[in-house]
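Residues in the sequence shown are numbered consecutively from 14, following my numbering. Just so you know, even glycine gets a beta-carbon here, dropped at the ideal spot from N, CA and C.
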Amino acid sequence: MLAGGPAWASSNLPLHHWGYDAIERLIALGVIDRALVGAKPFTRMHAAQYVARAIERVRADEIDIDGREAIAEPLLERLLAEFRPELIRLGTLRARTEDKTGPLRFGARVTSEVDASSIGGGQTIRFRENRGGEYFVNGVQNQTDVRAWAELSEWAALMVQPKFISNRHLLGLGATNKSDNFYLREFSLKLSYANVALEVGRGTQWWGPGYHGSLLLTDHAFPMDMIKLGTERPFQLPGFLSGLGEWKVNAFLAQLERNRDISRARVFGLRISYLPVSWLELGLTRLTQFGGRSRDQSFPETIIDTYIHPANQGFDKEVNEQGMADFRLRIPPVPYLIPFPAGLQLYGEIGTEDKWSQLPIPSRAAFLGGIYIPQVFQGDTMDLRIEYADTDYGRRRHPELQGVWYNNGTYTSGMRHRGFPLGHHMGTDGIDFFVRSTRYLTDRLQLGANFNIQERDRGRPVHEKKREAAVDLTWWYSNHVQMTYYFFLTVAFLGIAQLIHAAMKNELAAFFKAAGALVIAGILAVGACASNLWISYEYSKDTMRGDPILQAEAKPEGAISNGIQSSSETSGLSWDYAMQWSNGTIDLFSAFVPGAAGGGSQEAVDQDGPIGSALKAKGYRAPPGLRAPLYWGELPFTSGPIYFGAVVCLFFFMGLILVKGPAKWWLALGTLLTLFLSMGKNMEAINRFFFDYVPLFNKFRTPNSVLSVASFLVPALGFLALHQLISSKTDKQEALRSLYFGGGITGGLALFLAILGPGMFDFTNPSDAQYASQFGGIDPSTFVEERKAYLSSDAFRTLILVLLSGGLVWAYLKNKIQSSWLIAGIGLLVFFDMWTVGRRYLNADSFTTKTNYQANFQPNPADQQILQDKDPNFRVLDLVGQNPFQSSRASYFHKSLGGYHAAKLQRYQDVIDRHLSKGNPQVLNMLNTRYIIGGESQENAQAQPNPAAAGNAWFVDSILMVNSPNEEIAALDSFIATSEAVVHQEFVGYLNGLNLRKDGTIRLTTYKPNHLTYESNASGEQLAVFSEIWYGPNKGWQAYVDGQAVEHIRANYLLRAMRVPAGQHKIEFRFDPPAFKTGRTVSLVASSIILLALLGCIGFYGKDYFGRLSEMAPEPESAKPVKPASSGKPAKGRKP
């Protein structure tokens, strides 16, 4: 239950954090069953409680596998990583060594944003919706902020967020009245006790269920200085009233800016949120504007008076008020009525301004309504939101009420802060129609599309109209060093382009200032994450991606276990291993013709196509949903192409001509670089240079994955081209040239592949003969014919999309259609393009029932035989089916010698290559291989016991000293595992004085992955060998005898060994890596620097803040202006 419980002082989640959308979607999907989310921000702990509830329901098996998991699983994975510290405190997750669990918790996050804008209509700036008083500006600007927080025990939390903006002129318009590049955007100090939180500082809030806006309170205006009081989490009323549901109360008192009609006016807000049942959330909100310079109203008197009496009925209160009621309703799927697999969500808001009427009917109403469908199609990840808002309703009923919403006769600056409405960004007398749909292209790459029609100030003869369509890509990356590395390789082009641009504009000082700020912020960000990065770096040194152990020599026959050269004799990965997944030229064509290389290794084919017809000719029935291995490109195999989209590629090439400035060169050259890098060994001239000379490049494999970065860069330039196309400053002739250029390349290539492609390529795959035998012995050339037809049909598909998109652009440039129709048409074509290709690889057939899913993990006869062994502490080698070192099947049931890891320890990979792949029995013995699974298939698999397995630890009676790693691994060919130990010369000092006489016993008593315990009993000192992998010296595993730290050494190339004293002793190995402690120290230092810098910002900016607070003191009577006599009530239709 979320209500009640101890106080949890926790920092707030920023309003634009992706976690809000993720939690709302899980609520709409029914994965989170009870939630009050109408008042934002809520705390990280509050968000974590909802995640914990979802995990609890998953663990309790309360959520069916019905297609929702396609969305829920990746969301929950990201939420688990984001809120791990809070989930540990809640007991949902167990703490690891590297987790911070003390009473003082702190952290920081650096966010840097680069915007490239071209604003039409002769304007140089345009405000940004729901971005806290920020503007877009013509050209390129950078905004970088550091949001840091600290939490003390369960009662105090501090947050500060200073910000840098490269174009300081914008600060005078929205952010601050000063002309500095740095300003303090948000800060707060929160104290919490018994679920009541008091918070003082500067921030933004969002009250109501609206997504594109809310009627009363959003983050559209610049953050306000305020005091907040409320409940941290939902609560229940005591006693029998607890059955009424859950409640949440939020209130704030804010001070507005100085430069307005009534300087330093104040705003009081109160919201009550109520959850009577799990599927319905209700809310009531009220805002009251009062006080300020020359106004002597006290806060208690004003609030009591206005909350008791009808608002402004007697025109005797110098206040401005707004009220709102809202709801959020979740409706489950209903057959034939609500066909969406996860149901839908309805939400709405109705707001009122100051009310003159004696009747309880608002005369100045505004409203907002929306529908949200979290899953449009079964098993798919696409959602849909439609929202409509209207602040013009009162004016349409009563034309004399023009300009009422957010405005006021007494407070003529209205419910605004620094010129921005506190509520919906459309402002007064406006309407807003908004549609948004998103779809996951991968678990961490989301494509979104918006369509917006908005009108502002409709009461004026000439008012502003906006028709806008936008497409966006969101890429979540968490601890994925490889993709981050590739992305920053492309960012180098942006830096060079910006440097040249700044030099041409004589703005080098501003450039280096911005670059310096980014570099410092980046260093601090990396330092703050050192506790994770440092230990990964240390581990990488001992893996296949680190320096070599063995010196180059001729490969022994049979030493290759996986068809590629071992990397032990190279620094980093070997060239062959790293470049195994390299794109060919035909694979790159798949970026805009999805079937160019055959699609995927299991592609759906037509029952009446070449393969289906061949099966029928052989007397077989071609089943519905028939899939065949059509892929014939350069990769070993693939699940499908990395597809950018035909329409997107058209606009990308148009952008090469239309878009101007540094952003174009970054996106264009960055895309070209990623294409070349993705080709790996097939573009050896370039990739050899990077592999041999660019730091860290040879630590990564699968070069084709770099196209994940290109899938962000290509659409970005395409979207800029579309924006530039509809800009009023765009030269129509230049736009036509760009259309002919882009259409000629994309359409020409598509036509070329459609007509000439089937006769130019061989379309063969080396495994076609094997595939043919699996398909009833059909002719292997049948696959070639299927691939030719697939290429031709998909190329014509791309050509049609290019022609349709180009036709829309041509019609717009010839003034045949308006920009709104162009944007809507392009949006629909992009949606159709991406959705239809995506459905080939993720659809209802991609999901299975829980019973069928668990059937994949049924034990075979050998597993059942082995599982009868009462001692679980041994290892198994599974030789059935595929390479045991590429398969994890056996690891589901047993401790296995096999399994797959892209960064195996180098010593273990060497032993695989030289001994395990050849079945060396003594190496199998020393690895405690008690069973070997063999057989032709899983159905007839049998377990062969290995009675010679050495066990978990043993004493030896002789030592074979060797002088090099090569001799060390070669000695394993002829030694006896249970009696001999092969030891490198580097450990000779450790063994001095040891006289071996094998005697006594040693056994494993407890096993945990990070803590092993043994008991030994011997009459004399012994050398024990442990069947555990060496990772040292002292890099991770620390050895103890009777609680005292001792040294241990390496034996048999990759195992551990230790001198064990005579007598009975307790021996322990604990995983406690010093690298983590070093990283934690670096992280502490970097985080401390960030916190000290932020405290300095508070001190610097605090003078102005507290100085303005002192100005709130009432003026002496003699200083107050004389108030003119009132002539009575204002004229009807005007607000007082």
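>> Check for me: the alpha helix (DSSP H) holding Ser311 runs from which residue to which?
In response: Position 298 of the sequence shown, counted from the start, is the residue given in the question as residue 311. Premise fails: Ser311 is in no alpha helix (DSSP H) and is neither H nor E.
> Going straight from the alpha carbon of Asp560 to that of Lys554, what length do you get?
Replying inline: For the purposes of this step, residue 560 is identified with residue 547 of the sequence shown, where counting begins at 1. For the purposes of this step, residue 554 is identified with residue 541 of the sequence shown, where counting begins at 1. Cα to Cα, Asp560 sits roughly 6 Å from Lys554.
> Mapping DSSP to helix, strand and coil, what is Gly440?
Replying inline: Along the sequence shown, one-based indexing puts residue 440 at 427. Reduced to three states, the DSSP call for Gly440 is coil.
> Do you know offhand how far Pro779's Cα is from Thr795's?
Replying inline: As a first step, residue 779 must be located in the sequence shown, where it is residue number 766. As a first step, residue 795 must be located in the sequence shown, where it is residue number 782. So the two alpha carbons sit approximately 14 Å from each other.
>> Cutting at 8 Å between CB atoms, please list the residues of its own chain near Leu686, excluding the five before and the five after it.
In response: Locating residue 686 in the sequence shown gives position 673, counting from the first residue. If we look at Leu686 and ignore the five residues flanking it on each side, its Cβ neighbours are Leu502, Thr503, Phe506.
>> Can you check which of these residues, Ser909, Ala530, Arg47, is closest to Gln156 by C-alpha distance?
In response: Within the sequence shown, the letter at position 143 stands for residue 156. When only C-alpha atoms are compared, the closest one is Ala530.
> Run through DSSP, which three-state label would Asp396 get?
Replying inline: Mapped onto the sequence shown, residue 396 falls at position 383. Strand.
>> With H, G and I counted as helix, E and B as strand and the rest as coil, what does DSSP make of Glu697?
In response: Counting from 1 along the sequence shown, the entry for residue 697 is found at position 684. Helix at Glu697.
>> If you reduce the DSSP assignment to three classes, tell me which class Trp1043 lands in.
In response: Sequence index remark: in the sequence shown, residue 1043 carries index 1030 (1-based). Trp1043 falls in the coil class under three-state DSSP.
> If you check the beta carbons only, do Thr888 and Thr942 fall under 8 Å apart?
Replying inline: As a working mapping, residue 888 is identified with position 875 in the sequence shown. As a working mapping, residue 942 is identified with position 929 in the sequence shown. It is worth fixing the name first, because residue 888 is Arg in this sequence and not Thr. Taking 8 Å as the Cβ cut-off, Arg888 and Thr942 qualify as a contacting pair.
> Under the three-state reduction of DSSP, which class applies to Ile45: helix, strand or coil?
Replying inline: Here residue 45 is taken as the residue at index 32 of the sequence shown, counted from 1. Three-state DSSP puts Ile45 in coil, outside helix and strand.
>> Mapping the DSSP letters down to three states, classify Thr298 as helix, strand or coil.
In response: Working through the sequence shown from its first residue, we reach residue 298 at position 285. It is a strand residue.
> With DSSP run on the structure shown, which of helix, strand or coil describes Phe200?
Replying inline: Locating residue 200 in the sequence shown gives position 187, where the first residue counts as 1. It is a strand residue.
> CA-CA distance, Leu816 and Phe765?
Replying inline: For the purposes of this step, residue 816 is identified with residue 803 of the sequence shown, where counting begins at 1. For the purposes of this step, residue 765 is identified with residue 752 of the sequence shown, where counting begins at 1. The alpha-carbon atoms of Leu816 and Phe765 are separated by roughly 15 Å.
>> What does the alpha-carbon distance come out to for the pair Tyr1020 and Thr1026?
In response: One-based indexing of the sequence shown puts residue 1020 at position 1007. One-based indexing of the sequence shown puts residue 1026 at position 1013. Between Tyr1020 and Thr1026, the C-alpha separation is close to 7 Å.
>> Only counting the same chain, and skipping five residues up and downstream in sequence, which positions put a Cβ closer than 6 Å to that of Glu1130?
In response: As a working mapping, residue 1130 is identified with position 1117 in the sequence shown. Below a pLDDT of 50, predicted positions are generally treated as unreliable, and Glu1130, at 39, falls in that range; the measurement from the model is reported next regardless. Around Glu1130: no qualifying Cβ.
>> Here's the rule I'm using: 16 or more other beta-carbon atoms within 10 Å means buried, otherwise exposed. How should Asp926 be labelled?
In response: As a first step, residue 926 must be located in the sequence shown, where it is residue number 913. Counting Cβ neighbours within 10 Å, Asp926 comes out buried, since at least 16 surround it.
> For the stretch 968-982 against the stretch 995-1011, are there 3 or more C-beta pairs whose distance is under 8 Å?
Replying inline: yes
> Taking the C-alpha atoms as reference points, what is the distance between Val1135 and Gly436?
Replying inline: The residue you call residue 1135 lines up with position 1122 of the sequence shown. The residue you call residue 436 lines up with position 423 of the sequence shown. With a pLDDT of 38 at Val1135, under the threshold of 50, the modelled position of this residue cannot be trusted, and the question is left open.
> Per DSSP, what kind of secondary structure is Asp403 in: helix, strand or coil?
Replying inline: In the sequence shown, counting from the first residue as 1, residue 403 sits at position 390. DSSP places Asp403 in strand when its eight states are reduced to three.
>> Residues in the same chain with beta-carbon distance under 8 Å from Gly1146, minus the five sequence neighbours each way, listed in chain order, please.
In response: Taking the first residue of the sequence shown as position 1, residue 1146 is located at position 1133. Caution is warranted here: a pLDDT of 37 is assigned to Gly1146, below 50, making its placement in the model unreliable, and the coordinate value is therefore given only provisionally. His411, Glu413, Leu414.
>> Assuming the contact rule is C-beta atoms closer than 8 Å, Ala234 and Phe433 should be a hit. Round their C-beta distance to whole Å, please.
In response: Taking the sequence shown and counting its residues from 1, the one referred to as residue 234 is at position 221. Taking the sequence shown and counting its residues from 1, the one referred to as residue 433 is at position 420. Between Phe433 and Ala234 the Cβ distance is about 4 Å, and since that is below 8 Å, they are a contact.
> Between the Cα of Leu841 and the Cα atoms of Ala108, Ala462, Gly947, which residue gives the shortest distance?
Replying inline: By 1-based counting over the sequence shown, the position of residue 841 is 828. Nearest C-alpha to Leu841: Ala462.
>> Assuming the contact rule is C-beta atoms closer than 8 Å, Leu669 and Ala681 should be a hit. Round their C-beta distance to whole Å, please.
In response: Your numbering for residue 669 matches position 656 in the sequence shown. Your numbering for residue 681 matches position 668 in the sequence shown. Contact holds; Cβ gap of about 6 Å.
> What residue from Gly226, Thr217, Arg246, Ile240 has the CA that sits closest to Tyr206's CA?
Replying inline: The residue labelled residue 206 in the question sits at position 193 within the sequence shown. The residue with the shortest Cα to Cα distance from Tyr206 is Arg246.
> Are there 16 or more other CB atoms within 10 angstroms of the CB of Thr1014, so buried, or fewer, so exposed?
Replying inline: As a working note, residue 1014 is residue 1001 in the sequence shown. Its Cβ having fewer than 16 others within 10 Å, Thr1014 is exposed.
> How many Å lie between Glu697 and Ser691 at the Cα?
Replying inline: In the sequence shown, the residue the question calls residue 697 occupies position 684. In the sequence shown, the residue the question calls residue 691 occupies position 678. Each residue's alpha carbon lies about 11 Å from the other.
>> Rounded to the nearest angstrom, what separates Val850 and Pro607 at their Cα positions?
In response: As a working mapping, residue 850 is identified with position 837 in the sequence shown. As a working mapping, residue 607 is identified with position 594 in the sequence shown. When rounded, the distance between both Cα atoms is 7 Å.
>> Taking the alpha carbon of Gln11 as the reference point, which residue from Gly674, Gln957, Phe689, Lys694 has its own alpha carbon closest?
In response: With the chain covering 14 to 1149 only, the question about residue 11 has no answer from this structure.
> With distances taken between CB atoms, is the gap from Phe906 to Leu880 smaller than 8 Å?
Replying inline: Taking the sequence shown and counting its residues from 1, the one referred to as residue 906 is at position 893. Taking the sequence shown and counting its residues from 1, the one referred to as residue 880 is at position 867. In contact: Phe906 and Leu880 (Cβ atoms closer than 8 Å).
> When burial is assigned at 16 or more other CB atoms within 10 Å of the CB, is Arg810 buried or exposed?
Replying inline: On the sequence shown, residue 810 is found 797 positions in, with the first residue counted as 1. Buried, because 16 or more other Cβ atoms sit within 10 Å of the Cβ of Arg810.
> So what's Asp891 in DSSP terms, helix, strand or just coil?
Replying inline: Numbered from its first residue, the sequence shown carries residue 891 at position 878. Three-state result, Asp891: strand.
> If we ignore side chains and look at the alpha-carbon of each, how far apart do Arg160 and Gly535 end up?
Replying inline: Numbered from its first residue, the sequence shown carries residue 160 at position 147. Numbered from its first residue, the sequence shown carries residue 535 at position 522. So the alpha carbons of these two residues sit roughly 13 Å apart.
>> Check whether the stretch 414-432 and the stretch 386-394 touch, using three or more Cβ-Cβ pairs below 8 Å as the test.
In response: no
>> Output needed for Ile577: all residues of its chain with C-beta closer than 8 Å, excluding positions within five of it in sequence on either side, in chain order.
In response: For this step, residue 577 is matched to residue 564 along the sequence shown. Confidence in Ile577 is poor, its pLDDT being 41 and thus under 50, which makes the residue's placement too unreliable to answer from.
>> Could you tell me the alpha carbon to alpha carbon distance between Gly145 and His438, rounded to whole angstroms?
In response: Taking the sequence shown and counting its residues from 1, the one referred to as residue 145 is at position 132. Taking the sequence shown and counting its residues from 1, the one referred to as residue 438 is at position 425. Roughly 11 Å between the two C-alpha positions.
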